[in-house]
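Novice: Those sequence lines, one after another, are chains C and H.
Every letter in the first sequence is one number past the one before it in the numbering used here, and letter 215, counting from 1, is 1577.
Every letter in the second sequence is one number past the one before it in the numbering used here, and letter 26, counting from 1, is 512.
We put the CB at the ideal spot given by N, CA and C, even for glycine.
Remember, it's a predicted structure, so these values are computed and weren't measured experimentally.
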Amino acid sequence: MSVPWEAGRAWAIAKKDMRIYYLKPPTIMFGIFFPAFLFLSFAVGRNIPLTELIPGLMAITVFFTSSSIGPVVIPWERRTGSFERLLSAPVSLISVLAGKTLAGFFFGVFIAFLIIIFGTVFFGLHIVSGPVLFIGVALSAMTFSCLGILFSSIPTENVGNVMMTLNFFRLPLIFISGIFMPLESLPPVGQSLSMLSPLTYTHDIFLYSLGKVNQYPLPVDIGILIFFLLFFLSAAVLLHMKNMEKA
Amino acid sequence: MDAINVINLTKYFGQLCAVNEISFSVRKGEIFGFLGPNGAGKTTTVRILSGLTSPTSGSAKILGYDVKHHAIEARKRIGIVPEVSNLYEEYSAIDNLLFTGELYGISRKRRIEMAGELLHIFGLYEKRNEKVVKFSKGMKRQIVLSMALMHEPDVLFLDEPTSGLDVHSSRKIKGIITGLREKGITIFLTTHLMEEANQLCDRIAIIDHGKITAIDTPEGLKGTIESVQSVEVTFSEAITIQALKDIPGVAKITGERTSFRLYTATPKVVIKGVVTFADSKGLEIMSINTLGPTLEDVFVEITEGGHR
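1. Under the rule that 16 or more other beta-carbon atoms within 10 Å means buried, what is residue 773 of chain H, buried or exposed?
2. Between which residues of its own chain and residue 1490 of chain C is the CB-CB distance below 7 Å, once the five residues before and five after are set aside?
3. Assuming residue 1413 of chain C contacts residue 1498 of chain C under a Cβ cut-off of 8 Å, what Cβ separation, rounded to an integer in Å, is found between them?
4. Can you list, in chain order, the residues of its chain with a C-beta nearer than 8 Å to that of residue 535 of chain H? Leave out the 5 residues immediately preceding and following it.
5. Could you tell me if residue 525 of chain H is buried or exposed, where buried requires 16 or more neighbouring beta carbons within 10 angstroms of its beta carbon?
6. Please list the residues of the stretch 543–564 of chain H that have a C-beta atom closer than 9 Å to any C-beta atom in chain C, keeping them in chain order.
7. Distance check for residue 1602 of chain C and residue 648 of chain H, CA to CA, integer angstroms please.
8. Hey, quick one: how far does the alpha helix (DSSP H) through residue 684 of chain H stretch, first residue to last?
9. Considering only the beta carbon of each residue, do residue 613 of chain H and residue 579 of chain H sit closer than 8 Å?
10. So residue 787 of chain H and residue 714 of chain H are in contact, right, with Cβ under 8 Å, and what is the actual spacing, rounded?
11. How many Å lie between residue 1400 of chain C and residue 1392 of chain C at the Cα?
12. So what does DSSP say about residue 665 of chain H, is it helix, strand or coil?
13. Tell me which residue opens and which closes the beta strand (DSSP E) that residue 749 of chain H is part of.
14. Mind checking whether residue 659 of chain H and residue 582 of chain H have CB atoms under 8 Å apart?
15. CA-CA distance, residue 1632 of chain C and residue 1469 of chain C?
16. In this structure, how does DSSP classify residue 772 of chain H when only helix, strand and coil are distinguished?
17. I want to verify the contact list: residues of chain C whose CB lies under 9 Å from the CB of residue 646 of chain H, in sequence order.
18. Can you tell me the Cα-Cα spacing of residue 1376 of chain C and residue 618 of chain H, whole angstroms?
19. Over what stretch of residues does the alpha helix (DSSP H) that includes residue 715 of chain H continue unbroken?
20. Excluding the 5 residues flanking residue 568 of chain H on each side, which residues of the same chain have their C-beta closer than 6 Å to its C-beta?
21. Relative to the C-alpha of residue 573 of chain H, which candidate in C:1492, C:1502, C:1382 has its C-alpha closest?
22. When Cβ atoms are compared, which residues of the stretch 1373–1394 of chain C fall closer than 7 Å to chain H?
23. Would you call residue 765 of chain H buried or exposed, if buried means 16 or more other Cβ atoms sit within 10 Å of its Cβ?
Okay, here's the thing in structure tokens:
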């Protein structure tokens, strides 16, 4: 089947997911409230200017929002049987998952740009490199959306089961990615572990594009995020394929 | 060319053989019933035919397209109505249809036309902008059927299309199914309702323990078990089932009080016996009928061991 055909079907799935699931309670809870409260619990009471906190806030938000759509949508649709409707349509599994990934991507990008706009208008946030910031948001949103799709391969119809497992993975990453504590302040083990976290590179790109001190050269951040994107996507496709065989 | 052609289809889940080298074909434009007890392999077969899972071995073709190797082409030609009404409850009726149209690559203009046509056919046009979450079970079923017809499929898979519906909704859907056959659409019907299969199907396959145990027309299947004829009798007064046991030629008796069904291979002998019995007991026979085997009798006979 041709690429335009597959792309058209993936886009149809993404539009449907955006219309139906963006305002579902689990999406709002795990995609917006959860990272917001997590961040507030860190920021409130500390004497740090908000503009200094915005790179971290953006990184957490893109991380949680983008990775929450797949784990909400896919188990939900498994329960209603509508995921099978997509799988039995004339479209490849990759395009079905691409549609779901796009829905997570746009959710993450939308929320990140809301923060940028608020930060710029109300708190004088200074963007040093708009294109790099855009690339950072887009690449991170896509990577984390694929992460969500990967976790949604857990064969369950219960959104909570996937979210719980995903949070076991997501929460520790926040503490080793330089968001709440600069990377150079982490113990040597923490610094080594931080290199394994895709969130480290997202945060690093945001620091760079917003004129803060960052850790890695930009090409390294982008290259490693692309590696994680491809890894999450390939693993997601393989595991979802395996699920189809078992069903 | 057959609409569906299945050759030596086999599916294993680990060590479990769910479908065991089944072969059958479905002719274009026929309603083909696929019956079997729970766990017999019906769902697995339909899932393979609709591209949701791959066979372990063997082949299945939809209008010549192999469901494994040309899955997209095969899926373009089929519509599926699963047992569960898997629509998007947050969407309106028309949005469900329009999304399905887009998923199957139908142009915007055509999908708007088709959605309107189908909603008119099912009498749901006035409710087109209402969210389907508010719809009754029967209305949801009709929307799912409409969604399956949006891309004008050549082959339609129906899984328990009328299960749990009221008489009116059930009749309406059966009428539409019959109409679809007249338009030349091939229908692959899975149902537990024997009377529905009997009324609708041109041919029926019975699958049990992963193997096809019989394929024939409903009448042909009934003809295979002539031994399951019966005499249905109603007496003027209540009697016990024990009292009828001495009537010659009776294999099994069901019923209670005044109405009984006596299974036999020799109905004439039983009728004579019933009349003699009634005379001897001073009972009046209110009605007496001979009945051939029903499709349900055939199904029970085949799946409970008679033909295995």
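Specialist: This is what the structure holds:
1. exposed
2. 1571, 1572, 1573
3. Actually they are not in contact, since the Cβ atoms of residue 1413 of chain C and residue 1498 of chain C sit about 17 Å apart, beyond 8 Å.
4. 490, 492, 546, 548, 553, 564, 643, 674
5. exposed
6. 557, 558, 559, 560, 561, 562, 563, 564
7. 32 Å
8. 680–686
9. yes
10. 6 Å
11. 11 Å
12. helix
13. 745–750
14. no
15. This structure gives no information on residue 1632 of chain C, because the portion of chain C shown stretches from 1363 to 1609.
16. strand
17. None at all; the shortest Cβ gap to chain C is about 13 Å.
18. 21 Å
19. Note, residue 715 of chain H: premise wrong, no alpha helix (DSSP H); beta strand (DSSP E) at 715–721.
20. 645
21. C:1382
22. 1374, 1378, 1382
23. exposed
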